[in-house]
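First the structure, in the form of structure tokens, and then the observations on it.
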Amino acid sequence: MHLAFDLIGELEAALASAATAAGLEPGSFAPGVRTSDPRHGDFQANGILGAAKRAGKPPRPLAEAVVAQIGAGVREAFDISVAGPGFINFTAKPAMLLEWLKAHRSAAELEAGASAAHRDETWVVDYSSPNAAKQMHVGHLRSAVIGEAVSRLLAFTGARVVRDNHIGDWGTQYGKLIWACKRHLDEAAVLRDPIAEFERLYKLGNTAAEGDPKVMEEARSELVKLQAGDPENTALWDRINTASLAAFQVIYDRLDIRFDETLGESFYNDKVSRVYTELAETGLSSQSEGAQVVFHPEHPRFKTQPMIVRKSDGAANYATTDLATILYRTEHFRASCILYVVDKRQGDHFEQLFLTAGKWFAKTGRTLPRLVHVDFGTVLGEDGKPLKTRTGDNIKLKDLLDEAAERAYLLVSEKSPDFPEAERRTIAEIVGTGSVQYADLSQNRASDYLFSWDKMISLDGNTAAYLLYALARIRSIFRRHGLECGDPAAEAGADVFQTPGEVALARKLVKFSDTLRLSTETLCPHFLCLYLYELAGEFSTFYNADKVIVDDPVVRARRLMLCARTLLILETGLRLLGLRTLERM
Ligand code: ARG
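In the working numbering, each residue carries its 1-based index in the sequence shown increased by 22.
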């Protein structure tokens, strides 16, 4: 019995040929196989209902006719039944579960199986992308954490991923900032904490310009000088960006994020003229009050609110840069898909951008990559308002991660007071950062989420600490018995799973493949979080009911195999979410 990694794909292929054999028009039938409620089986196909309707036939007999045509391989692996109006239920046989687990004993084997999903595709993931001259604060957390998890998931499922940090390093804020730098820069403060000093100056310049039209005018001329390549302003701009990138890097290191590219807005400076020309030449843009704009007459809002691609003073803006960026990513990276992991409050910007890019590419005979705004909600404090410090300031990401490590240290010290201090500190950094990442990822990204230290840094519930602990505990089973995890010798002779705990755990393990499919199709990492949490739960149930190290070598072998695969999948899953794991906790 040979079974692919992707069980759902296998079942869908088998159903499609069975349907053809049963007389349905080839291609007219979408099998619609999904993981099902375990009480009904492991997988369920509901596609017969639609097919029957289209063919004008009663669904149940049709389902039975299709089932009768299913090939021997799948029949050997699953118990198959027709239920209700015409659902087809598949329940994995214990022998099949054993075969699947035998065939997937390492991360490389899992990845080899998973990588068929996005083979030959290039995905550019635009994430984190903070604005320079400001420290990262809690509002920057979600893009970084979700973008990293999505990138890892896509790479694991076979895509070539280009991780691109589209830093906001160009734009009107530099006029005010340079104005303030020239008058109020404190060199000693720059030495101590450059980014904090530039942030102070930015605020100062902003306030000054708002209160005084003369300052506003001066700031504007600093910007014009910068854009014209004035050496002094360019040097200052460079200094600000270098300091910003260094500060961002500290956070990226803590979150284990590595970009392939950091092509900020300034990179597109010399690439926007093509946008102006092509939009004008194709007749997509028009002039309105001195600006170059694109209207979308078919759109309820954008028929009156155009996309401004060139301001009346001739300067580019956020939208222009984003258009030039799409062209660059298409031509240079040959992107099949571009993801923008950005706050959902920028929804209008992206809707308008995608509409404009679609028409522009169509008019110029280019193939538009798939463009997706991977949006997310706001991080809220316990009062239901966007999370802030007590004094109403933004919480710096660095302070947030420090506090997480501090709180995790208390948790670890309580749980394992006998561990050496240095080790408890190392564990605390991993648990603390992991808890912040996981709390974010385990929520449906589209909704706002409530930030709660107590829920997040806890050994109970769907938390990082719970999973990291479950994983460390399995590692300790192997350590205690001097065994190596996944050692084929320890698993040799394993026979078919028998006890309810063994079977339930094995059934959960093989659904890892479907979880990857679901998380990458929807670009929603919370499906993977929920799966890992449920997997850890199944493991506990099994481990409490069935002794692993028993005398009977056959029983021991199959139980060790279950321990090893649970560990492997927990490890792989947490790594895909961007977390580091622990030997002990
Ligand atoms: N720098 C922007 C901000 O902080 C986010 C950029 C997102 N990426 C993009 N290509 N627009 O709001």
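Yeah, the Cβ is synthetic: ideal placement off N, Cα and C, and Gly gets one too.
- Message: Report the CB separation of His395 from Gln465 in whole angstroms; it is logged as a contact under 8 Å.
- Response: So it is not a contact: roughly 18 Å between Cβ atoms.
- Between the beta-carbon of Leu590 and the beta-carbon of Gly508, is there less than 8 Å? yes
- Task: Classify Pro152 as buried or exposed, calling it buried when 16 or more other Cβ atoms lie within 10 Å of its own Cβ.
- Result: buried
- By Cβ distance, which residues of its chain are closer than 6 Å to Leu377, with the 5 residues on each side in sequence left out? His318
- Query: Of all the beta strand (DSSP E) runs that stay within the bounds of the region 369-424, which reach a length of 3 or more residues?
  - Reply: 392-398
- Message: Using DSSP's beta-bridge definition, name the partner residues of Ala67.
- Response: Val55, Ile110
- What do you reckon, is the C-beta of Ser128 under 7 Å from a heavy atom of ligand 1? no
- Mind reading off the beta-carbon distance from Ala139 to Thr537? Whole number of angstroms is fine, and I expect it under 8 Å. Going by Cβ atoms, the distance from Ala139 to Thr537 rounds to 12 Å, so no, they are not a contact pair.
- Item | C-alpha gap between Ile110 and Gly169, whole angstroms | 37 Å
- Would the beta-carbon of Pro408 be found less than 7 Å away from any heavy atom of ligand 3? In terms of ligand content, the structure shown lacks ligand 3 and carries ligand 1 instead.
- Item | For Trp192 and Ser334, believed in contact at Cβ under 8 Å, the rounded distance | Contact flag wrong, Cβ pair sits at about 19 Å.
- Using alpha carbons as the reference points, say which of Ile496, Asp344, Lys477, Glu353 lies closest to His188. Asp344
- Item | Cβ pair Ala567, Gly595 closer than 8 Å | no
- Taking 7 Å as the cut-off, does the CB of Asp148 come closer than this to any heavy atom belonging to ligand 1? yes
- Any heavy atom of ligand 1 within a distance shorter than 7 Å of the CB on His188? yes
- Assigned secondary structure, Glu560 (DSSP; H/G/I helix, E/B strand, else coil): helix
- Message: If distances are taken between C-alpha atoms only, which option among Ala426, Asn228, Leu592 comes closest to Trp475?
- Response: Ala426
- Examine the Cβ distances between the region 321-340 and the region 301-313 and report whether three or more of them are shorter than 8 Å. yes
- Message: Which runs of the alpha helix (DSSP H) at least 4 residues long sit entirely within the region 482-563? Give them in chain order.
- Response: 486-502, 510-513, 522-532, 534-544
- Message: Check for me: the alpha helix (DSSP H) holding Phe220 runs from which residue to which?
- Response: 216-233
- Item | Limits of the unbroken beta strand (DSSP E) element including Phe100 | 100-105
- Could you check the C-alpha separation between Glu428 and Gln459 for me, to the nearest Å? 16 Å
- Item | Cutoff 7 Å; reference Thr400; Cβ partners in own chain excluding five residues on either side | Pro408, Asp470
- Message: Just to confirm my understanding: we take Lys418, look at its own chain, exclude 5 residues before and 5 after, and list those with CB closer than 6 Å. What are they?
- Response: Gln157, His159
- What does DSSP give as the partner residues of Met607 in its beta bridges? Its beta-bridge partners do not exist; DSSP assigns none.
- Message: Rounding to the nearest angstrom, what Cα-Cα distance links Ala528 and Ala36 in this structure?
- Response: 23 Å
- Message: Strictly by DSSP, which residues pair up with Asn153?
- Response: Gly190
- Message: Quick check: what's the CA-CA separation for Asn484 versus Glu556?
- Response: 9 Å
- Message: What does the alpha-carbon distance come out to for the pair Ala341 and Cys203?
- Response: 28 Å
- Rounded straight-line distance, which links the Cα of Pro53 to that of Thr544: 19 Å
- Task: Closer than 7 Å by C-beta to Glu506: which residues in its own chain qualify, once you throw out the five before and the five after it? Chain order, please.
- Result: Phe500
- Sheet register partners of Leu598 (DSSP bridge): The partner list for Leu598 (beta bridge, DSSP) is empty, contrary to what the question assumes.
- Spatial neighbours of Arg182 in its chain, beta-carbon cut-off 6 Å, leaving aside the 5 residues before and after: Thr144
- Message: Quick check: the Cα distance between Tyr553 and Gln91, rounded to an integer number of angstroms?
- Response: 33 Å
- Ala136 (DSSP reduced to helix, strand or coil): helix
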